């Protein structure tokens with residue numbers, strides 16, 4: 001029943017006495033097909049009052065309170081709680097791998113052997129633990145110029161000219177070369193990431209180095225008068241702003257010999273002998 005009809009019935013019921021309704025009910029039953037609207041209305045009101053003893057609003061409120069007091073069927077945690085649990089499961093998974101799988105790697109342990117002059121190439125790669133990333137196919141190769149099969153100082157000079165900005169007097173920071181190693185004639189760095197396979201990128205870098213060495217050994221005396229372009233080295237030192245661009249520090253490593261002698265404290269004179 002719509003709320004407006006229910007409210008209208010309640011208003012009508014409040015104005016009619018129950019005794020009058022009880023008296024009108026039998027007369028209505030004797031004439032069930034009467035067309036008098038007032039009689040049928042009184043009969044419906046009497047039937048509603050005989051069935052309902054509480055207002056509709058109270059019944060609705062009781063049903064609402066019962067629904068609120070009922071315990072939910074699924075007592076679940078929020079989404080943030082599930083994220084925390086997922087991170088904890090992932091951490092436990094890695095801890096289990098460390099506990100049970102890491103000891104098995106002892107069988108593959110190898111003794112560290114420093115690189116020899118016969119194996120001068122240093123290859124660097126990036127790995128994301130199986131995750132697909134464009135950087136994983138990149139290969140960076142670094143090698144000292146002194147370890148290359150160059151024929152004389154003229155070939156070394158021509159090799160520096162051919163390398164261009166790929167050559168630096170000091171080893172690159174990400175090359176894996178010790179900072180205490182002698183620089184010598186510098187280092188060359190070649191990187192490649194155009195091919196989809198990492199092996200092809202490394203092969204291209206290796207072939208390029210072989211071509212540079214072969215070309216440097218081919219009539220190197222013709223380029224002995226050409227100076228080496230050092231603009232990329234000086235510009236890099238200027239951007240760092242650490243004083244390396246002053247004087248010739250780009251090519252010479254600072255040492256204790258560079259400390260000014262006038263800054264050293266004066267040695268105290270020995271005390272005079274007393275007579």
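In the UniProt record's numbering, the protein residues as written are 1 to 275. C-beta: ideal position from N, C-alpha, C; glycine also. Computed from a predicted model, the values in this text were never measured in an experiment.
What residues are listed by DSSP as bridge partners for residue i?
| i | result |
| --- | --- |
| residue 192 | 139 |
| residue 168 | 187 |
| residue 124 | 140 |
Check whether the Cβ atoms of residue i and residue j lie closer than 8 angstroms to each other.
| i | j | result |
| --- | --- | --- |
| residue 233 | residue 189 | no |
| residue 184 | residue 214 | no |
| residue 137 | residue 193 | yes |
| residue 163 | residue 142 | no |
| residue 135 | residue 126 | yes |
| residue 209 | residue 123 | no |
| residue 165 | residue 186 | no |
| residue 217 | residue 150 | yes |
Tell me which residues share the same chain as residue i and place their Cβ nearer than 8 angstroms to its Cβ, disregarding the 5 neighbours each side in the sequence.
| i | result |
| --- | --- |
| residue 259 | none |
| residue 173 | none |
| residue 182 | none |
| residue 26 | A caution first: residue 26 carries a pLDDT of 45, below 50, which makes its placement in the model unreliable, though a value can still be read off. Cβ within range, chain order: n/a, list empty. |
| residue 115 | 122 |
| residue 302 | Look at the range of the chain in this structure, 1 to 275, and you will see that residue 302 is not part of it. |
| residue 120 | 143, 144, 147 and 148 |
How far does the alpha helix (DSSP H) with residue i in it reach, from first residue to last?
| i | result |
| --- | --- |
| residue 84 | 79-100 |
| residue 157 | 152-163 |
| residue 216 | 198-216 |
| residue 235 | 231-240 |
Just to confirm my understanding: we take residue i, look at its own chain, exclude 5 residues before and 5 after, and list those with CB closer than 7 angstroms. What are they?
| i | result |
| --- | --- |
| residue 226 | 161 |
| residue 224 | 154 and 157 |
| residue 20 | Residue placement at residue 20 is flagged as unreliable, the pLDDT there being 45, under the threshold of 50; a coordinate-derived value is accordingly withheld. |
| residue 92 | none |
Which same chain residues end up closer than 6 angstroms to residue i when comparing Cβ atoms and leaving out the 5 residues on each side of it in sequence?
| i | result |
| --- | --- |
| residue 200 | none |
| residue 270 | none |
| residue 177 | 171 |
| residue 148 | 213 |
| residue 196 | none |
| residue 117 | 147 |
| residue 191 | 140 |
| residue 267 | none |
| residue 261 | none |
Do we get a CB-CB distance below 8 angstroms when we pair residue i with the residues of chain B?
| i | result |
| --- | --- |
| residue 176 | Going by chain labels, chain B is absent from the structure shown, which holds only one protein chain. |
- Looking at C-beta atoms only, is the number of pairs between the segment 147-162 and the segment 205-219 that lie closer than 8 angstroms three or more? Between the segment 147-162 and the segment 205-219, the count of C-beta pairs closer than 8 angstroms reaches three or more; the two stretches touch.
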